[in-house]
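Written out below as structure tokens is the structure these notes cover.
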Amino acid sequence: MVLPGGSDALPVDLAIAPDDLRQLAEHDAAARTFSGGAGPLAALDTGGDARRGTVLMVAGYTGSKEDFAPLLKPLAEAGYRVVAIDQRGQFESPGPEDPAQYTVEILGGDVVAVGRVLREESGEPLHLVGHSFGGLVTRAAVLAEPELFTSFTLLGSGPSHLTGRRADLLDHLAPLLDAGGVPLVHETLEQVAMTDPKAQAVPAPTREFYSRRFLRNSAAGLRGMADAMLAEPDRVAELKATGVPVLVAHGEADDAWLPHVQADMAARLGARHEVIDNSIHSPAVENPPRTLEVLCDFWANVVPA
46 MVLPGGSDAL PVDLAIAPDD LRQLAEHDAA ARTFSGGAGP LAALDTGGDA RRGTVLMVAG
106 YTGSKEDFAP LLKPLAEAGY RVVAIDQRGQ FESPGPEDPA QYTVEILGGD VVAVGRVLRE
166 ESGEPLHLVG HSFGGLVTRA AVLAEPELFT SFTLLGSGPS HLTGRRADLL DHLAPLLDAG
226 GVPLVHETLE QVAMTDPKAQ AVPAPTREFY SRRFLRNSAA GLRGMADAML AEPDRVAELK
286 ATGVPVLVAH GEADDAWLPH VQADMAARLG ARHEVIDNSI HSPAVENPPR TLEVLCDFWA
346 NVVPA
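If you count by my numbering, then the sequence shown holds residues 46 to 350, one letter each, in order.
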């Protein structure tokens, strides 16, 4: 979830360089669309022969496919075809103007639809990665059709609904949307973010991208996804029962679902658990080299060469 958290108080020195453009990292992925349940879903697709498999990546609340940009080229070079998508109502994927069409189950259905296409195009294996709220959505996809996915990675996600400071921010969302729509929400979050020294250090081109992306969010999507994230039940036992191999990975100072919460989830799942140092809530952009290492090692153990 790309919302300000309180990370300014955390003793973490991010591995990413101050001049790194993060979500604007160079890659060779091509833009394409997939058919979702409510319209086209925008994606980045590295293509290739997928000799080691295909990876489907799903971003979190107010995020987008670009949240995985630093991983796309390295994963393609490692032999994976990678597809990252905008969920409906995010950035370049249009969405319906009904908040009820953004439940975890409905969004998970979009992921299943894309997964089916990828299996038809590239066969097995198909590895699924969900970041933050995207983890809740992709979990619903695995529960709906577990045989579709070879492995599942929860990246900075949790066992159930969001709590803490980020959840408190979501409680204020509806009144802001009522008063001034998406632009007022954006303006308010910008004011909060600029009190964080780490946010102030983000390069200007990246900040411009963040603003452009946020303003393209669907108001209904912001409402519906927030409601879904604040109401999601604990489905850890259901996920474990699928038998799909799971990796739980998170930043050492995650300020959404806290590290001890994710560690407990991993233990309950009997899942592999990896803490990504020098990262907070978005390891793919905060420490791409270590995130890449963790993912590739997990997949190699799931599908030995």
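Just so it is clear, CB atoms sit at the ideal spot from N, CA and C, and this is done for glycine as well.
key: ALA237, enclosing alpha helix (DSSP H) - first and last residue   = First, the amino acid is wrong: residue 237 is Val here, not Ala. Per DSSP, VAL237 belongs to the alpha helix (DSSP H) from 218 to 238.
key: Environment of GLU166 [buried if 16+ CB atoms lie within 10 Å]   = Looking at its Cβ environment, which holds fewer than 16 other Cβ atoms inside 10 Å, GLU166 is exposed.
query = Within 10 angstroms of its Cβ, does ARG96 collect 16 or more other Cβ (buried), or is it exposed?
reply = So ARG96 counts as exposed.
ask   = Per DSSP, what kind of secondary structure is GLY50 in: helix, strand or coil?
value = With a pLDDT of 39 at GLY50, under the threshold of 50, the modelled position of that residue is not reliable, and no figure is offered here.
query = With HIS231 and SER256 assumed to form a contact (beta carbons below 8 Å), what rounded beta-carbon distance in angstroms separates them?
reply = So it is a contact: roughly 7 Å between Cβ atoms.
query = Taking the runs of the alpha helix (DSSP H) that are 4 residues or longer, which of them lie wholly in the region 265 to 289?
reply = Runs found: 281 to 287.
ask   = Is LEU303 helix, strand or coil by DSSP?
value = In this structure, LEU303 counts as coil in the three-state DSSP scheme.
inquiry  = Measuring straight from C-alpha to C-alpha, what distance separates PRO119 and PHE113?
reply    = If you take the alpha carbons of PRO119 and PHE113, they lie about 11 Å apart.
ask   = Quick one: Cα of ASP53 to Cα of ARG252, how far?
value = Model confidence at ASP53 stands at a pLDDT of 39, short of 50, so the residue's coordinates are unreliable and nothing is read from them.
ask   = Anyone know if the C-beta pair for THR183 and VAL156 falls short of 7 Å?
value = Judged by beta-carbon spacing, VAL156 lies within the 7 Å limit of THR183, meaning their Cβ atoms are closer than that value.
key: First through last residue of the alpha helix (DSSP H) which encompasses ARG257   = The continuous alpha helix (DSSP H) containing ARG257 extends over residues 249 to 260.
query = Cα separation between PRO85 and THR78?
reply = Looking at the backbone, the Cα of PRO85 and that of THR78 are separated by about 6 Å.
query = So is VAL247 buried or exposed if we call it buried at 16+ other beta carbons inside 10 Å?
reply = With 16 or more Cβ atoms within 10 Å of its Cβ, VAL247 is classed as buried.
query = Quick one: any contact between the region 229 to 244 and the region 115 to 129, if contact means 3 or more CB pairs under 8 Å?
reply = For the pair of segments examined, the region 229 to 244 was found not to touch the region 115 to 129: the number of CB pairs separated by less than 8 Å stays below three.
request  = Can you tell me which of the three DSSP states ALA111 falls into?
outcome  = The sequence shown places Glu at residue 111, rather than the Ala named in the question. GLU111: helix per DSSP, three-state reduction.
ask   = Going by DSSP, what residues sit across from ALA88 in a beta bridge?
value = In the DSSP output, where bridge partners are listed per residue, ALA88 has ARG77, ILE130.
query = Would the region 127 to 139 and the region 338 to 346 be scored as touching if the rule is three or more Cβ pairs under 8 Å?
reply = No: fewer than three Cβ pairs fall under 8 Å.
message = Suppose you measure from the CA of MET102 to the CA of ALA224; what does that come to, to the nearest Å?
response = One C-alpha to the other measures close to 34 Å.
task = Would you mind stating whether ARG317 and LEU337 have Cβ atoms separated by less than 7 Å?
result = Against a cut-off of 7 Å, the Cβ pair of LEU337 and ARG317 comes out as no contact.
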